[in-house]
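One structure is given here, and the rest of the page talks about it.
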Amino acid sequence: MTALTWAKSVPGRLGGWVNERFPVREMWQSELAGYAAPKNFNIWYFFGSLMLMVLVIQLATGLFLAIHYQPNPHLAYWSVVRGIMRDNSWGWLIRYIHIVGASSFFVLVYLHMYRAMLYGSYKKPRELLWLVGVVIYLMLAAEAFLGYLLPWGQMSYWGSSVVVNFLTAIPEIGKPLATWIRGDFVTGLPTLNRFFTFHVFLMPMLLLALVLVHIIALHEVGSNNPDGIEIRENLNEDGWPREGIPFHPYYTVKDVFGVSVFLLVFCWFVFFEPAGWGLLVDKLNFTPANVLHTPSDIHPLWFFLPFYAMLRGVPNKTYGVATFFFVFVLLAILPWMDRNPIKSIRYRSSWYKLNMFVIAASFIMLGIIARGRATQPNMVYGLHMTEVFYTAFLILPYFNKQRPRWVTFLWFAFFESCVWLVDIWMYSIHAHSWTLMLQTDWLPAGYTAVVFLPALLWPRLVKDAPTLPKRLTAGGLMH
Ligand code: HEM
Numbered sequence: 001m002t003a004l005t006w007a008k009s010v011p012g013r014l015g016g017w018v019n020e021r022f023p024v025r026e027m028w029q030s031e032l033a034g035y036a037a038p039k040n041f042n043i044w045y046f047f048g049s050l051m052l053m054v055l056v057i058q059l060a061t062g063l064f065l066a067i068h069y070q071p072n073p074h075l076a077y078w079s080v081v082r083g084i085m086r087d088n089s090w091g092w093l094i095r096y097i098h099i100v101g102a103s104s105f106f107v108l109v110y111l112h113m114y115r116a117m118l119y120g121s122y123k124k125p126r127e128l129l130w131l132v133g134v135v136i137y138l139m140l141a142a143e144a145f146l147g148y149l150l151p152w153g154q155m156s157y158w159g160s161s162v163v164v165n166f167l168t169a170i171p172e173i174g175k176p177l178a179t180w181i182r183g184d185f186v187t188g189l190p191t192l193n194r195f196f197t198f199h200v201f202l203m204p205m206l207l208l209a210l211v212l213v214h215i216i217a218l219h220e221v222g223s224n225n226p227d228g229i230e231i232r233e234n235l236n237e238d239g240w241p242r243e244g245i246p247f248h249p250y251y252t253v254k255d256v257f258g259v260s261v262f263l264l265v266f267c268w269f270v271f272f273e274p275a276g277w278g279l280l281v282d283k284l285n286f287t288p289a290n291v292l293h294t295p296s297d298i299h300p301l302w303f304f305l306p307f308y309a310m311l312r313g314v315p316n317k318t319y320g321v322a323t324f325f326f327v328f329v330l331l332a333i334l335p336w337m338d339r340n341p342i343k344s345i346r347y348r349s350s351w352y353k354l355n356m357f358v359i360a361a362s363f364i365m366l367g368i369i370a371r372g373r374a375t376q377p378n379m380v381y382g383l384h385m386t387e388v389f390y391t392a393f394l395i396l397p398y399f400n401k402q403r404p405r406w407v408t409f410l411w412f413a414f415f416e417s418c419v420w421l422v423d424i425w426m427y428s429i430h431a432h433s434w435t436l437m438l439q440t441d442w443l444p445a446g447y448t449a450v451v452f453l454p455a456l457l458w459p460r461l462v463k464d465a466p467t468l469p470k471r472l473t474a475g476g477l478m479h
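439 is the number that this note's numbering gives to position 439 of the sequence shown; each next residue is one higher, with no gaps.
So, in structure tokens, the structure goes:
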């Protein structure tokens, strides 16, 4: 054997040696090269792999930040603004990547979840996959909240204080719980120490474990697709789905394209607009925390704004916190609310499509409203937009099948009464001006009418496609 042939055989033999002790080749074969993915994935299917990449970016940059960061109220702000940003080599770059990474994580997670909603990817057999996703979303929110305190700027300090204070709204146990979480009666050294530990140690480990479970669950049941047709129900003689292609190389190559476009945008933010016009880093966070000076307007970062609008809009702290928390419950029970056998939005009725649009639009509107100051009109619009968001979610079971006219009428009467009852009850709390509340009531009441009245007059608006295509349709790689 020449030296060259011997050298060439080294990787193969090394691989064989490892494989005898750990099944790398089998895993590569079963999870990538031998994983049958539907051939019609579209742009919505980029976000999962992009999130995997952002997770790695966050872990790597977070590690270097943690090396130089000081979890002490006297040192934290300066260890970030002077130490990391100016004195440590490339510290500014690592911090900016971590900041842009955090926000891009949420852009991706919202798109990823909405994709699952559009194509009914939460339905049988993917309910558990979806539930694990909802827990990941909760953990991601907790991770971002914990990390936000670390720079110990004005907004970090007051934002965290406000959020922990929300816990006091829980009857009986609220106050001791908030003190227990802070480790003190106000946000201070024990709070910073534990938030630091949870942010760099506990939550990343939990997130990694959950993402692993998420991917295992996905590969167990197989990917859904924009047509919502199960490719595993149509196998060829070799047991391979007729409409499937190997994930590797077809989708690894496709994902490289997605990663390239994503990184272009990502780098633009890192190098040209790392604070994202005050959206990614609040302007107030360029001032060290001052425990004696409460800012006039306290905001969370952009990805929590819709929830903040709910908290601000509902004129009672306990109900506000419940309203905010119930969004996660709604997401968790989605597979059991939308039980229509058709998965993809492509084959659902026009009015279902409208409703899905309103879910997204009202969530975005809530964010825009919360970005404004805490004025009466902003709070009242926040309340009514919350009602629209909730209505759009809660009427999903109506679309489970074609309903006779009288049933549609009952749904209309029930939802319209609920909207008015909730509002009359809110007026009775007297937190907002009556005139303003009445003037803006048209939002939820109007939306309920917009869904059900046309459905009563023109039932075809709520009629799904009578048949589904037998094969996957446009947009795939190989046709
Ligand atoms: C760190 C966060 C997450 C990572 C890294 C991640 C990763 C992935 C990956 C790689 C896929 C397969 C590729 C794709 O369909 O895009 C996937 C699919 C899926 N994910 Fe996630 N995910 C995360 C969070 C979530 C969340 C928060 C939810 C929902 C609440 C969710 C629900 C789903 C569903 C339902 C699918 C199957 C989609 C289909 O086959 O149509 N994921 N995820």
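No residue lacks a Cβ here, since even glycine has one placed at the ideal position from N, Cα and C.
Every value quoted in this text rests on a predicted model; they were computed, and no experiment measured them.
Of the choices the options, whose alpha-carbon is the least far from that of residue i?
i                 : options                        : result
isoleucine 368    : Met356, Leu443, Gly382, Ile359 : Gly382
phenylalanine 47  : Gly159, Leu456, Ala360, Met113 : Met113
valine 54         : Ser103, Arg25, Leu4            : Ser103
alanine 455       : Val419, Gln29, Trp406          : Trp406
asparagine 42     : Trp425, Leu140, Gly258         : Gly258
threonine 375     : Gly278, Ser433, Ile84          : Ser433
glycine 446       : Asp464, Ser417, Lys463, Pro459 : Ser417
tyrosine 77       : Gly244, Ser156, Asp255, Pro288 : Pro288
proline 397       : Arg346, Leu443, Leu334, Leu438 : Leu334
proline 469       : Phe198, Arg86, Trp130, Ile229  : Ile229
glycine 120       : Ala7, Lys353, Ala309           : Lys353
leucine 146       : Trp130, Leu192, Val134, Arg126 : Leu192
tryptophan 302    : Ala141, Val24, Ser89           : Ala141
glycine 91        : Ile345, Asn316, Ile424, Val270 : Val270
leucine 279       : Ser260, Pro300, Leu264         : Pro300
asparagine 40     : Ser161, Met155, Asp227, Met205 : Asp227
phenylalanine 409 : Ala309, Pro459, Trp180         : Pro459
alanine 370       : Phe304, Ser344, Pro341         : Phe304
leucine 311       : Asn378, Pro274, Leu264         : Asn378
serine 49         : Gly15, Trp6, Leu111            : Leu111
Considering just the uninterrupted stretch of the beta strand (DSSP E) at residue i, what are its terminal residues?
i           : result
alanine 36  : 36–38
glycine 244 : 244–246
Over the uninterrupted alpha helix (DSSP H) stretch that includes residue i, give me the two end residues.
i              : result
serine 103     : 91–118
glycine 258    : 252–272
alanine 141    : 127–149
valine 18      : 3–21
proline 306    : 305–313
aspartate 423  : 405–429
tryptophan 44  : Counting along the chain, tryptophan 44 falls outside any alpha helix (DSSP H), and DSSP gives it neither H nor E.
isoleucine 173 : No alpha helix (DSSP H) holds isoleucine 173; DSSP gives it neither H nor E.
tryptophan 351 : 350–371
leucine 212    : 203–221
tryptophan 458 : Here tryptophan 458 belongs to no alpha helix (DSSP H), and DSSP marks it neither H nor E.
glycine 159    : 154–166
alanine 332    : 317–337
glutamine 439  : 434–440
asparagine 378 : 376–394
Between the beta-carbon of residue i and the beta-carbon of residue j, is there less than 8 angstroms?
i                 : j                 : result
threonine 318     : proline 171       : yes
valine 56         : phenylalanine 266 : no
leucine 128       : alanine 217       : yes
valine 450        : threonine 386     : no
valine 358        : valine 388        : yes
arginine 95       : leucine 65        : yes
leucine 461       : serine 296        : no
leucine 472       : asparagine 225    : yes
glycine 149       : phenylalanine 195 : One detail in the question is off: residue 149 reads as leucine in this sequence, not glycine. The answer is yes: Cβ separation under 8 angstroms.
aspartate 441     : asparagine 400    : no
glutamate 26      : histidine 219     : no
glycine 159       : threonine 168     : no
phenylalanine 363 : tryptophan 411    : no
asparagine 61     : isoleucine 97     : What sits at residue 61 in the sequence shown is threonine, not asparagine. The answer is yes: Cβ separation under 8 angstroms.
alanine 37        : glycine 244       : yes
methionine 356    : isoleucine 345    : yes
alanine 332       : valine 134        : yes
glutamate 481     : leucine 207       : Residue 481 lies beyond the residue range present for the chain, which begins at 1 and ends at 479; the question has no answer from this structure.
Contact defined as beta carbons within less than 8 angstroms: I believe residue i pairs with residue j. What is the distance between those atoms, to the nearest angstrom?
i              : j              : result
proline 246    : glycine 34     : 7 angstroms
tyrosine 137   : valine 109     : 6 angstroms
glycine 153    : asparagine 285 : 3 angstroms
valine 81      : tyrosine 69    : So it is not a contact: roughly 11 angstroms between Cβ atoms.
histidine 214  : valine 291     : Actually they are not in contact, since the Cβ atoms of histidine 214 and valine 291 sit about 40 angstroms apart, beyond 8 angstroms.
tyrosine 347   : aspartate 464  : 6 angstroms
threonine 391  : proline 306    : 15 angstroms between Cβ atoms; not a contact.
valine 221     : arginine 126   : 5 angstroms
asparagine 316 : isoleucine 424 : That belief does not hold up - the Cβ atoms of asparagine 316 and isoleucine 424 are roughly 14 angstroms apart, past 8 angstroms.
aspartate 184  : proline 190    : 5 angstroms
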